[in-house]
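Enquirer:
Residue numbers (the numbering used here): 110 to 217.
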């Protein structure tokens, strides 16, 4: 469960390294985001000489959370960190590669 002020690792090669969630996209009173949800975040740490700079406001989709996710068959999915992939306004990723494990329902 990702809420505002939560720090996330970046799981792509867009140039950002750490993000901080500032808003969960959805209804006006939505408090938490789970895997597959879109958030608005600010870049807290970035790689030098890349298009994304520190303190830039970006959209991101969550790909991993520490909070467990229950499937319909009873199995539980849980990751070691909170991670997101930076996307543009159309929903396409800004980076060309995605690192680490990705939950399979995001691909659909």
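For every residue, glycine included, the Cβ atom is placed at its ideal position computed from N, Cα and C. Source: prediction; values computed, not measured.
Helix, strand or coil, according to DSSP, for residue 139 in the structure here?
Expert: Reduced to three states, the DSSP call for residue 139 is coil.
Enquirer: Whole angstroms are fine: how far does the CA of residue 190 sit from the CA of residue 168?
Expert: C-alpha separation (whole angstroms): 19 Å.
Enquirer: How is residue 178 classed by DSSP in three states: helix, strand or coil?
Expert: Here residue 178 sits in strand by DSSP.
Enquirer: In the DSSP assignment, what are the bridge partners of residue 121?
Expert: 207.
Enquirer: Short check: CB of residue 142 to CB of residue 111, under 8 Å?
Expert: Taking 8 Å as the Cβ cut-off, residue 142 and residue 111 qualify as a contacting pair.
Enquirer: Do residue 151 and residue 131 have their beta-carbon atoms positioned less than 8 Å apart in this structure?
Expert: A contact, by the Cβ cut-off of 8 Å.
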